[in-house]
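Inspection log for the structure reproduced underneath, given as structure tokens.
Protein chains: 4
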Amino acid sequence: MSGYFSDIAPVSYDPQAEGLAFRHYNPDEVILGKPMAENLRFAVAYWHSFCWEGGDPFGGRTFDRPWFPADTMALAEARADAAFDFFRILGVPYFCFHDHDVRPEGATLAESHDRLNRIADVFAQKMAAGGPKLLWGTANLFSNRRYMSGAATNPDPDVFAYSASTVRTVLEVTHRLGGENYVLWGGREGYETLLNTDMKQERLQAGRFLSMVVEHKHKIGFKGTILIEPKPQEPTKHQYDYDVATVYGFLKDFGLEGEVKVNIEQGHAILAGHSFEHELALAGALGILGSIDMNRNDYQSGWDTDQFPNNVPETALAYYEILRAGGFTTGGTNFDAKLRRQSLDAEDLVAAHVGAMDVCARGFKAAAQMLQEDRLEGLRRARYAGWQHPDAQAMLAPGASLSAIADSADARGIDPQPVSGRQEILENLVNRYV
Amino acid sequence: MSGYFSDIAPVSYDPQAEGLAFRHYNPDEVILGKPMAENLRFAVAYWHSFCWEGGDPFGGRTFDRPWFPADTMALAEARADAAFDFFRILGVPYFCFHDHDVRPEGATLAESHDRLNRIADVFAQKMAAGGPKLLWGTANLFSNRRYMSGAATNPDPDVFAYSASTVRTVLEVTHRLGGENYVLWGGREGYETLLNTDMKQERLQAGRFLSMVVEHKHKIGFKGTILIEPKPQEPTKHQYDYDVATVYGFLKDFGLEGEVKVNIEQGHAILAGHSFEHELALAGALGILGSIDMNRNDYQSGWDTDQFPNNVPETALAYYEILRAGGFTTGGTNFDAKLRRQSLDAEDLVAAHVGAMDVCARGFKAAAQMLQEDRLEGLRRARYAGWQHPDAQAMLAPGASLSAIADSADARGIDPQPVSGRQEILENLVNRYV
Amino acid sequence: MSGYFSDIAPVSYDPQAEGLAFRHYNPDEVILGKPMAENLRFAVAYWHSFCWEGGDPFGGRTFDRPWFPADTMALAEARADAAFDFFRILGVPYFCFHDHDVRPEGATLAESHDRLNRIADVFAQKMAAGGPKLLWGTANLFSNRRYMSGAATNPDPDVFAYSASTVRTVLEVTHRLGGENYVLWGGREGYETLLNTDMKQERLQAGRFLSMVVEHKHKIGFKGTILIEPKPQEPTKHQYDYDVATVYGFLKDFGLEGEVKVNIEQGHAILAGHSFEHELALAGALGILGSIDMNRNDYQSGWDTDQFPNNVPETALAYYEILRAGGFTTGGTNFDAKLRRQSLDAEDLVAAHVGAMDVCARGFKAAAQMLQEDRLEGLRRARYAGWQHPDAQAMLAPGASLSAIADSADARGIDPQPVSGRQEILENLVNRYV
Amino acid sequence: MSGYFSDIAPVSYDPQAEGLAFRHYNPDEVILGKPMAENLRFAVAYWHSFCWEGGDPFGGRTFDRPWFPADTMALAEARADAAFDFFRILGVPYFCFHDHDVRPEGATLAESHDRLNRIADVFAQKMAAGGPKLLWGTANLFSNRRYMSGAATNPDPDVFAYSASTVRTVLEVTHRLGGENYVLWGGREGYETLLNTDMKQERLQAGRFLSMVVEHKHKIGFKGTILIEPKPQEPTKHQYDYDVATVYGFLKDFGLEGEVKVNIEQGHAILAGHSFEHELALAGALGILGSIDMNRNDYQSGWDTDQFPNNVPETALAYYEILRAGGFTTGGTNFDAKLRRQSLDAEDLVAAHVGAMDVCARGFKAAAQMLQEDRLEGLRRARYAGWQHPDAQAMLAPGASLSAIADSADARGIDPQPVSGRQEILENLVNRYV
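Going down the list, the protein sequences come from chains A, B, C and D.
Residue 9 is where the first sequence starts when you use the working numbering, and the numbers rise one by one after that.
Residue 9 is where the second sequence starts when you use the working numbering, and the numbers rise one by one after that.
Residue 9 is where the third sequence starts when you use the working numbering, and the numbers rise one by one after that.
Residue 9 is where the fourth sequence starts when you use the working numbering, and the numbers rise one by one after that.
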């Protein structure tokens, strides 16, 4: 026990509570056939909650945590103690981490591997003792200066090799800890300037690297899902995994669309010029929706603000697309969100998660009800009903040709008339649920 | 002869001229083995220069052209007269048009076809008499209210059929006029709200439609290139052909990446959050670079401003990527640019094109010299030189595995050190050419 | 009676209704001491609902209204009939219009004046017969080509004079109809390019013009408020009334900060890089908050989308700032919102307003409760409590000097420690109300 | 001598040089009556070039400088040695610094003051020995955690007092070193959330603080200019000194518009949705143009990228507005630009500045020639010529009234016709100079 959260009692479901409590998230309440906890699959992100110090490009650490700067294994263990205390207070079923979050980097590659394995032992013990499960693990291939020009896409082949060694270790640790997914976020897989960049070469490197990660996953018997996390830019000017559509083209190129899915983050969707629900719906349509990083980007700020989600109607639309795509299988709701740097206190960290979990719960419940009542889907089906007609189906079938369709249109002298898209009526309908 | 431009003499190359002249564009000057005219392959866009009336969402027509409103065939011919006069004044080798630009829509589909063919006869005559060639033709499947919910992606199968008939006619007219490409810009192939949209269905419709266009092209013996023009949004909230990477994934999905290329517009690249040179370089790397719509979007305006290009350093970077990809084959430089709505006079239209052609010529000449002198490419090759080593090549070859690479990295105890990316030095180098 | 809405019954408050009804807006419910109708003061915008044809920059009219194109006085009266039928169905207490919305422009300035006065007679009759009141009138000084380079800021003094004549007439009509405000939106008061613009001269023109409008208001005994509506850009590249802060500086420059207030639009706030609540809070702090144009801009679209509001939490924050500033006096909630161009039907127009009024009502009720319960304000006051200390007050008082404050700080050897800003806790608190 | 730049010779003007040289910046060349060095008044920014370590939000230090981490006075002196070596290599006439850049913060306020004074002694000696002059000094009131909620606008009065003490010391040091300006950039003078913010109170604090700084300047006899540096956001969500127009309104409110000018940064202008030349032209029109921070923001990145300028046409437009406003008096061209974090080498730092100085020199020379040849200004004057007429002047004069102008317009039956704004022709004209 770390003692850091000793003033804060475990949070429970109590809609009438005046103080800290879940007012909407009731883990055991059954919705769509399973408990909310299994529907939402909440995870805490180790990095934001236990590693980030409150700095930004114009100022340094604001937070005062007893385990900072966590540059020794002893402090890393103290941090783990605090983290697991925190997981217990929230009652979350999952957590997520990067290697870099949980152990200080060693003087050598070997020492870094060793330290990660030692911390994994600590985690394993805590997990066995009732701690949460691992939603996903990942390797941080972007913070150290060796990665400044990319990891798999680095112009230096040794960085590619170094990355391979690191990913192998973290993937195996993830496997050992029962992780349900493994994530690759290409923080530096992109470029700062086209003038020094060979995109074709770097794309090839990225494709081969990912293929080998998939192969290794099978070799070691890891049953979890490999996930790519799209982001358009920041830290680099342009990141290769720009958005869902871009990742899909990349996967197709290397024949990996059946092996790899996406981990979609609200903030990254916004930065790419999309709504969160767009990215989710597209991934659903393409069959590559894996998991989500739930947070909120400030619409007026042009960088990744990673705020805790706080807008229920938006959250409802997100979960609606997830449910339309069948809900989570190995994926879940990871809070890739950080406190504002002025939120200094332990209470802030707990309250931020509690509020976010409630926002998600409200959104999810609205989404589930919308789906069950089927009004929205009924209207959608009606809009496309014409395509159910055999003549219409035939136009999309293999034998169809432009000239045959054109001949028929000309012969019929068609003059199709538009019908209302009813957007405002649909928006009103959604507002009856949220 | 229309008389509209009767005060304006044909523009010629004269670097010392005080008045209207090309100061940089010398069509006959040989660069990289061919005349500038063949390198740049300039085209005038019929729609902006002869159809747009100067309106915007907050006000109507400002231009006063004798052929407006061009709602009769006689006025359409008057417009054609003016257009070909204009082409002659500029001496451009190409023009581009939509069906909708050149003839008033008929009361029926058949009449629309017929009118297009009649105008095509007029064009053919003028082209034979020394007019420019056709860089590309295209069908406007977005202005008429029947297309308000999409053309190929419309929920109404009859609109799909109507679009097929229209595209067949325009493709065949393009073929008849010797067009070198055929473009599809999906102005309404997207959605206004996800709430009424079935993206999977619409994607299928778009894929089948494009496949049939390709098939029809071969059937009629059209040797030109089929081009898709990416744009992220506007008029719709989200357009399916968002950017080059998105189009690539779509082409891969339908097995069309060897059949279809992209027509990239500077303004659309900007709206998608990319630089123009990024989109060109990516298309080059993916082997789908076809043609360009040259213009300039205001970086501070969030809509498609379609201004004439006026920044030489940016233009140089664009042509540099085009040259790195091998230069134009069937493609060219189409000015998809319109006058500001306060630029009322015939002289404005001529001067805008002359200035733009000079800006392109300056950019192209700088790009050609950069490529010939090979300094930039030399530095790029040096940066990736490590990947020429057989051990490095082996890591990307089919037999490689994550575990083998990791074992080797561990055994070697590598600690790769970063080297400078030299961005500012490269930017300085470029500035010596522009 | 127009007959256009004959299928649609007047909408009433019925929280349990299955069909078209107000579920949250109960005009007679008393909140904060007055009925909701008087708190919210809803108005319908004539232009979007009865003039806009569904066009956008890439396509023309989609709506099919019997009064289109409204280019005769008879059609203008038919439109007025439909508009007042619509007002009655909604039961809104107010409407707003531009001169340009309600009458076809005349062949001469005199005829335009005359036509406006004739339509004003029609309105007066309908208003006397139980129609809504006029929240504000305004002159359209941006659609006609004469205004393409500005109205008050035009380089041509005759356009300035023409604008003066037009504003006089519309201001007097507004006064005659009992309008409670008069709005100036400077749609073309800005520039397309700095290269041809004299900002100092144009600022002087704008300042003098506004000063004369204020003087004329007093001369004719108009008791309503003169409002400027900020917008950063579109249609022009840069508009002089960029945002609230910019307007404030302009008013100060011409000594008008006590005479003129602002009409703040959500969509314009977003386009200027601000949140709606920011603009409202700033105007409140500066004492110039007048009225609002309620709508919603798509956060992913860079132009003015003018959608109906549909996000309750955002609406709640907006009304919270309005209430903190004392609530509306002469101002109100004008729906400067238009249907999506695919929403073709009369029912769409009614439903869009009903949904929007409900969203506003929900937001307002949450805001009122937050204010009454005073938790948020209590926390805010506590944060600044240190400034209540006399020593702190003295630092802000006239006699204070940098050297005295610095001497004291040095002598005391202060080392101030940060305290949590509690942002997430405050956001959670807000979420308990919405 | 630091030895850090020992491999690099002083850079001189040599248009034909192959290696590192000024190709365009010739400090002694007389333009518009004075040497280029006096026109451009270049300054190096201490913070980016000697303090920034290459970190970003996703990774730490990449640069390897012998004086890092500069947390002792000895290392601070080693850094000063390197900085002055660098100034000598470039031959720049000015430099700029924050207190925080040049000395490690002390354990107490008093020690911080003392350390700054000791470093100032070092600077004074180096400046006397031929080093550059001080363009401006400034206090860093944003990096330390005590400022996380603002400096002058902090809810804690002690932070206000601490800031006053700090500014007094830095202002006096600036005065002692002969600084020609003193800058205030309100890095944390803004808010993260409106929910905990009292904008009216914070505005009052900021106004009083600035008033006292101005008073103190006079008290100590500092003849330099007090400058505010606008920025819209980052690090905070909203910064009070948003842009030039906002600062102007603030200055007017506190009667400081005759005392304080603005230091305009290209990157900040872009982030606020303006062009650089807009902010310069507006400040010129308002009489508050002071100095510039020259850099370039990536148009596709939503945060402050602080790149070295590299686009000559844009730079030309900026200097053109500066020259139109009369050129610099106490202000100058400070490179508030940092290397990309992959540009590791000493040579990168030198080359980045050399390239930037050349880009500025090219832009300045083009601007000067445009101004001298007066074509652009001639066209601008012609556009507004109508306002020279006595009747037009009378409309703007004090006695004018809306009703008199309207009566005259009505009587004359005016129907003003638009004339071309000639934007493209003007852009072409500019392109003849750049």
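We put the CB at the ideal spot given by N, CA and C, even for glycine.
Note that the coordinates shown come from a computational prediction; the quantities given were computed from them, not determined experimentally.
Practice prompt. To the nearest angstrom, report how far apart residue 430 of chain B and residue 238 of chain C are at their CA atoms.
Written response: 44 angstroms
Worksheet item: What does a CB cutoff of less than 6 angstroms around residue 150 of chain C pick up in its chain, not counting 5 residues either side in sequence?
Response: 195 and 196
Discussion item. Quick check on the burial criterion: 16 or more other C-beta atoms within 10 angstroms. Buried or exposed for residue 422 of chain A?
Written reply: buried
Worksheet item: On the three-state DSSP scale, how would you describe residue 167 of chain C?
Response: helix
Practice prompt. Round the Cβ separation of residue 218 of chain D and residue 264 of chain D to the nearest angstrom and send it over; I've been treating them as touching at under 8 angstroms.
Written response: 6 angstroms
Fill in: residue 2 of chain D: first and last residue of the uninterrupted alpha helix (DSSP H) it sits in
Nothing about residue 2 of chain D can be read from this structure; chain D reaches only from 9 to 442.
Worksheet item: Taking the alpha-carbon positions, what's the residue 112 of chain B to residue 438 of chain C distance?
Response: 57 angstroms
Worksheet item: Which residues of chain D have a Cβ atom closer than 7 angstroms to the Cβ of residue 316 of chain B, listed in chain order?
Response: 432
Discussion item. Quick check: is the beta carbon of residue 304 of chain A nearer than 8 angstroms to any beta carbon in chain D?
Written reply: no
Worksheet item: Per DSSP, residue 51 of chain D forms a beta bridge with which residues?
Response: D:102 and D:342
Worksheet item: Contact between the segment 360–367 of chain C and the segment 164–183 of chain B: three or more CB pairs below 8 angstroms?
Response: no
Discussion item. Helix, strand or coil for residue 60 of chain C? Go by DSSP, reduced to three states.
Written reply: coil
Practice prompt. Tell me where the alpha helix (DSSP H) around residue 201 of chain C begins and ends.
Written response: Note, residue 201 of chain C: premise wrong, no alpha helix (DSSP H); not H, not E.
Fill in: Residues in the segment 66–83 of chain D having any Cβ partner in chain A nearer than 8 angstroms
66, 67, 68, 69 and 70
Worksheet entry | Rounded Cβ spacing between residue 310 of chain A and residue 63 of chain D (contact assumed at less than 8 angstroms) | With 8 angstroms as the limit, residue 310 of chain A and residue 63 of chain D do not qualify as a contact, their Cβ atoms being about 19 angstroms apart.
Worksheet entry | Straight-line Cα distance separating residue 142 of chain D from residue 134 of chain D | 12 angstroms
Fill in: Per-residue burial, residue 120 of chain A [other beta carbons within 10 Å of its own, 16 or more giving buried]
buried
Worksheet item: Out of curiosity, what's the CA-to-CA distance linking residue 210 of chain A and residue 220 of chain A?
Response: 15 angstroms
Worksheet item: residue 350 of chain C versus chain A: which residues are under 9 angstroms apart at the beta carbon?
Response: 426, 427, 428, 429, 430 and 431
Practice prompt. Starting from residue 449 of chain C, follow the alpha helix (DSSP H) in both directions and report where the run begins and ends.
Written response: The question about residue 449 of chain C has no answer here: the residues shown for chain C are numbered 9 through 442.
Worksheet item: Taking just the CA atoms, how far does residue 229 of chain B sit from residue 387 of chain A?
Response: 43 angstroms
Fill in: Partner residues on chain B for residue 281 of chain D, Cβ-Cβ distance less than 7 angstroms
308
Worksheet item: Just to confirm, are residue 253 of chain A and residue 199 of chain B a CB contact at a threshold of 8 angstroms?
Response: no
Practice prompt. Please list, in chain order, all residues of the same chain as residue 180 of chain C whose beta carbon is under 7 angstroms from its beta carbon, the five residues on each side excluded.
Written response: 228
Item to complete: Taking the CB atoms as reference points, tell me whether residue 340 of chain C and residue 51 of chain C lie closer together than 8 angstroms.
Response: yes
Worksheet item: Is residue 347 of chain D near residue 360 of chain D, with beta carbons less than 8 angstroms apart?
Response: yes
Practice prompt. Could you tell me which uninterrupted beta strand (DSSP E) segments, each at least 3 residues in length, are contained entirely in the segment 227–275 of chain A, listed from first to last along the chain?
Written response: 233–236 and 268–273
Fill in: Own chain partners of residue 61 of chain B with C-beta closer than 7 angstroms, once the 5 adjacent residues on each side are dropped
69, 71 and 76
Discussion item. Applying the 10 Å Cβ sphere with the 16-neighbour rule, what's the burial state of residue 231 of chain A?
Written reply: exposed
Discussion item. Which of the three DSSP states is assigned to residue 413 of chain A in this structure?
Written reply: helix
Worksheet entry | residue 144 of chain B - DSSP class collapsed to helix/strand/coil | strand
Fill in: Whether residue 191 of chain B touches residue 161 of chain B by CB criterion (8 angstroms)
no
Worksheet item: What residue from B:124, B:153, B:158 and B:216 has the CA that sits closest to residue 178 of chain B's CA?
Response: B:124
Fill in: Short-range partners of chain D found in the segment 142–157 of chain A, where Cβ spacing is below 8 angstroms
150, 151, 152, 153, 155, 156 and 157
Worksheet item: Would you call residue 393 of chain B buried or exposed, if buried means 16 or more other Cβ atoms sit within 10 Å of its Cβ?
Response: exposed
Discussion item. Helix, strand or coil for residue 372 of chain C? Go by DSSP, reduced to three states.
Written reply: helix
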